[in-house]
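Step one of this worksheet: look at the structure below.
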Amino acid sequence: AQSVTQPDIHITVSEGASLELRCNYSYGATPYLFWYVQSPGQGLQLLLKYFSGDTLVQGIKGFEAEFKRSQSSFNLRKPSVHWSDAAEYFCAVGPYSGGGADGLTFGKGTHLIIQP
Amino acid sequence: GAVVSQHPSWVICKSGTSVKIECRSLDFQATTMFWYRQFPKQSLMLMATSNEGSKATYEQGVEKDKFLINHASLTLSTLTVTSAHPEDSSFYICSAPRGIYEQYFGPGTRLTVT
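These protein sequences, in sequence, are chains Z and C. If you count by the numbering used here, then the first sequence holds residues 1 to 116, one letter each, in order. If you count by the numbering used here, then the second sequence holds residues 1 to 114, one letter each, in order.
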């Protein structure tokens, strides 16, 4: 069965500092990998996704993630965080189904706190 | 961009009653929608897949008689929590896929059963 581990429940970062959120997955085949952000009162917003090709993926809001197959990791990074980045971040994995519709398996999330 | 709405955003009901939650894709059609459940400080857990024109498929451990799903049209799926109990209190989120493996999530519905 597929699973996603986000080892950090909370992370506190000073505004302007760099950020890395960790994600490890377990999946028996080629996975689709995603990072979502959840803010109170709003739906999950897709930051970026990885299907294949270049292992460094650029997303919205200045985020990027790197897929490392050997480490089964898909860590999210941002060089300089803003106070508006404070939110809950979820890593998710989905089965490779050629673009078909399948539900996702989510990690437990990392709560990002930004210090002024 | 694509938008998915949910209604209501927050509902309180008494134990033993039923509650219906709507999920709509506002500017695209979705033959499939997904229902997730999120407990406080927890991950989203896939409950079921709603299929237009056919029965929903439920994940293991999810009671299909308790969580009734109806995909009424290409833009609407409903989740009815029947005979709700306090342990059903949770945050319910729907999503609809569009394009190449892109899913759009609704804002969620917080259900509190007293």
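Virtual Cβ for every residue (Gly too), placed ideally from N, Cα, C.
Residue i to residue j span [Cα, whole Å]
{"i": "Thr80 of chain C", "j": "Glu88 of chain Z", "result": "27 Å"}
{"i": "Gln115 of chain Z", "j": "Tyr50 of chain Z", "result": "30 Å"}
{"i": "Gln45 of chain Z", "j": "Leu111 of chain C", "result": "22 Å"}
{"i": "His7 of chain C", "j": "Ser73 of chain C", "result": "16 Å"}
{"i": "Leu48 of chain Z", "j": "Glu52 of chain C", "result": "28 Å"}
{"i": "Thr78 of chain C", "j": "Ile21 of chain C", "result": "6 Å"}
{"i": "Thr75 of chain C", "j": "Pro107 of chain C", "result": "16 Å"}
{"i": "Ser70 of chain Z", "j": "Ser18 of chain C", "result": "48 Å"}
{"i": "Pro40 of chain C", "j": "Phe91 of chain C", "result": "8 Å"}
{"i": "Val62 of chain C", "j": "Met47 of chain C", "result": "6 Å"}
{"i": "Ile9 of chain Z", "j": "Pro86 of chain C", "result": "26 Å"}
{"i": "Ser54 of chain C", "j": "Asp88 of chain C", "result": "25 Å"}
{"i": "Asn75 of chain Z", "j": "Arg24 of chain C", "result": "32 Å"}
{"i": "Ser52 of chain Z", "j": "Gly107 of chain Z", "result": "21 Å"}
{"i": "Glu102 of chain C", "j": "Ser84 of chain Z", "result": "24 Å"}
Residue burial classification, residue i (beta-carbon count within 10 angstroms, cutoff 16)
{"i": "Lys61 of chain Z", "result": "exposed"}
{"i": "Ser50 of chain C", "result": "buried"}
{"i": "Pro31 of chain Z", "result": "buried"}
{"i": "Lys64 of chain C", "result": "exposed"}
{"i": "Lys68 of chain Z", "result": "exposed"}
{"i": "Leu21 of chain Z", "result": "buried"}
{"i": "Ser83 of chain C", "result": "exposed"}
Beta-carbon spacing of residue i, residue j below 9 Å
{"i": "Val4 of chain Z", "j": "Thr110 of chain Z", "result": "no"}
{"i": "Phe105 of chain C", "j": "Gly43 of chain Z", "result": "yes"}
Own chain residues within Cβ distance below 8 Å of residue i, not counting five before or after
{"i": "Leu44 of chain C", "result": "Tyr36, Arg37, Gln38, Ile93"}
{"i": "Gln2 of chain Z", "result": "Tyr25, Ser26, Tyr27, Gly28, Pro31, Val93, Pro95, Thr105"}
{"i": "Ala86 of chain Z", "result": "Leu112, Ile113, Ile114"}
Contact set for residue i: own chain, Cβ-Cβ below 6 Å, skip 5 residues either direction
{"i": "Asp57 of chain C", "result": "Note that residue 57 of chain C is Thr in the sequence shown, not Asp. For Thr57 of chain C, where only same-chain residues beyond five positions count, the Cβ hits under 6 Å are Thr49."}
{"i": "Gly100 of chain Z", "result": "Note that Gly100 of chain Z scores 48 on pLDDT, short of 50, meaning its location in the model is unreliable; the coordinates nonetheless yield the value given after this. Excluding sequence neighbours, Gly100 of chain Z sits near nothing in its chain."}
{"i": "Phe34 of chain Z", "result": "Lys49, Ala92"}
Own chain partners of residue i with C-beta closer than 7 Å, once the 5 adjacent residues on each side are dropped
{"i": "His82 of chain Z", "result": "Glu15"}
Would you call the segment 34 to 54 of chain Z in contact with the segment 11 to 24 of chain C, where contact means no fewer than 3 C-beta pairs closer than 8 Å?
no
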